[in-house]
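Take the sequence shown: its position 166, counting from 1, is numbered 166 in the UniProt record's numbering, and each next residue is one higher.
The beta-carbon is built from N, C-alpha and C at its ideal position, and this holds for glycine as well.
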Amino acid sequence: MTVDVTPDSPARMVGLARARQHPGALRKTAVGWIAAALLAVAPAARASDAEALWQALATRPNMVVVMRHTDASGRDGSAFDASGQCRGENMLTGKGRRDAEAIGKAFAAHGLPPERLHVVASAMCRTRDTARLAFGKAELDARLREFLSGRGGSLNEAMDAAEEWIRRLRGPNPVVLVTHLPNIDALTGEQIDFNEAVVTESDAQGQLKVLGVLRLLP
């Protein structure tokens with residue numbers, strides 16, 4: 001995927017209202033784009049794109065990183081223990097915990113230590129733990145938890161929460177949202193794997209302009 005991070009680039013603007021109305025359409029579009037990118041982009045180009053995205057995060061205002069929790073396992077991805085004790089929830093694997101720590105080091109190596117970041121995470125244990133292992137901190141919001149398929153109210157609540165955080169925190173330091181694949185898809189139109197993130201730029205209304213997908217670990 002060729003990444004254009006110039007200020008006036010024609011990168012896609014994904015509105016939250018559109019995400020609420022057409023999450024399925026965004027999903028299909030994202031799958032097509034990702035498949036095309038995997039076929040068309042050479043490794044050298046991907047490396048160049050990654051450096052451009054890291055540079056944008058380190059130097060430009062109003063940047064938002066939307067990242068997925070690291071590797072997790074369990075029986076029910078929608079289970080949520082509001083007490084914070086993680087009963088019944090999917091949890092990070094040993095690999096997931098190591099990867100989360102490595103992701104934090106990758107941010108720091110690119111000039112983005114925890115003190116330069118606003119970190120917001122779903123209150124589910126796998127996202128909470130990813131954020132804390134990577135960055136040592138996280139504002140938790142239960143509304144950002146993984147929404148259930150077919151429950152529009154849950155999707156609307158998650159999108160409202162993301163929009164609220166983005167508007168509140170946008171500024172000179174990047175915002176990192178640690179959340180779940182369905183939420184990322186609805187927010188950005190991108191489907192990403194573990195250890196990947198969507199790099200975006202926000203406007204005053206909380207809409208996100210997607211600049212590219214960043215592989216956080218080799």
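Beta-carbon gap between LEU214 and VAL176 smaller than 8 Å: Here residue 214 refers to the residue found at position 214 of the sequence shown. Here residue 176 refers to the residue found at position 176 of the sequence shown. No, these two residues do not count as a Cβ contact at 8 Å.
Suppose you measure from the CA of ALA40 to the CA of ALA50; what does that come to, to the nearest Å? Here residue 40 is taken as the residue at index 40 of the sequence shown, counted from 1. Here residue 50 is taken as the residue at index 50 of the sequence shown, counted from 1. Its pLDDT being 45, under 50, ALA40 is placed unreliably by the model, and nothing is read from it.
Near THR188, what residues of its chain come up, given a Cβ to Cβ distance below 7 Å and the 5 sequence neighbours on each side ignored? Position 188 of the sequence shown, counted from the start, is the residue given in the question as residue 188. If the five residues before and after THR188 are omitted, its C-beta is found closer than 7 Å to the C-beta atoms of VAL14, VAL66, VAL198, THR200, LEU208, VAL210, all from its own chain and listed in chain order.
Which residue wins for smallest C-alpha separation from ALA52, given the options GLY96, GLU101, HIS110, ALA142? Within the sequence shown, numbered from 1, the residue matching residue 52 stands at position 52. Ranking GLY96, GLU101, HIS110, ALA142 by Cα distance to ALA52 puts HIS110 first.
Looking at the unbroken alpha helix (DSSP H) that takes in ALA138, where does it start and where does it end? In the sequence shown, the residue the question calls residue 138 occupies position 138. Run containing ALA138: none; DSSP gives neither H nor E here.
What does a CB cutoff of less than 7 Å around ILE166 pick up in its chain, not counting 5 residues either side in sequence? On the sequence shown, residue 166 is found 166 positions in, with the first residue counted as 1. For ILE166, where only same-chain residues beyond five positions count, the Cβ hits under 7 Å are VAL64, VAL175, SER202, GLY206.
Taking only three categories from DSSP, how would you classify ALA186? Reading the sequence shown from its first residue, position 186 is the one you call residue 186. ALA186 falls in the helix class under three-state DSSP.
Closest by CA to LYS105, which one among ARG126, CYS86, GLY136? Start at 1 with the first residue of the sequence shown, and residue 105 comes out as number 105. Ranking ARG126, CYS86, GLY136 by Cα distance to LYS105 puts GLY136 first.
Cβ-based burial, ALA100 [other Cβ within 10 Å; buried from 16]: Within the sequence shown, numbered from 1, the residue matching residue 100 stands at position 100. With 16 or more Cβ atoms within 10 Å of its Cβ, ALA100 is classed as buried.
Under 6 Å Cβ to Cβ from PRO23, same chain only, skipping five residues before and after it: list those, please. Residue numbering aside, residue 23 sits at position 23 when the sequence shown is read from its first letter. Because PRO23 carries a pLDDT of 47, less than 50, the predicted location of this residue cannot be relied on, and no value is offered for it.
Please list, in chain order, all residues of the same chain as MET124 whose beta carbon is under 7 Å from its beta carbon, the five residues on each side excluded. The residue you call residue 124 lines up with position 124 of the sequence shown. If we look at MET124 and ignore the five residues flanking it on each side, its Cβ neighbours are PHE80, GLU89, ARG145, GLU146.
Outcome for ALA138 when other beta-carbon atoms lying within 10 angstroms are tallied against a minimum of 16: For the purposes of this step, residue 138 is taken as residue 138 along the sequence shown, with counting starting at 1. Flag for ALA138 reads buried.
Range covered by the beta strand (DSSP E) that runs through ARG215: Walking along the sequence shown from the start, residue 215 turns up at place 215. 208 to 215 is the extent of the beta strand (DSSP E) around ARG215.
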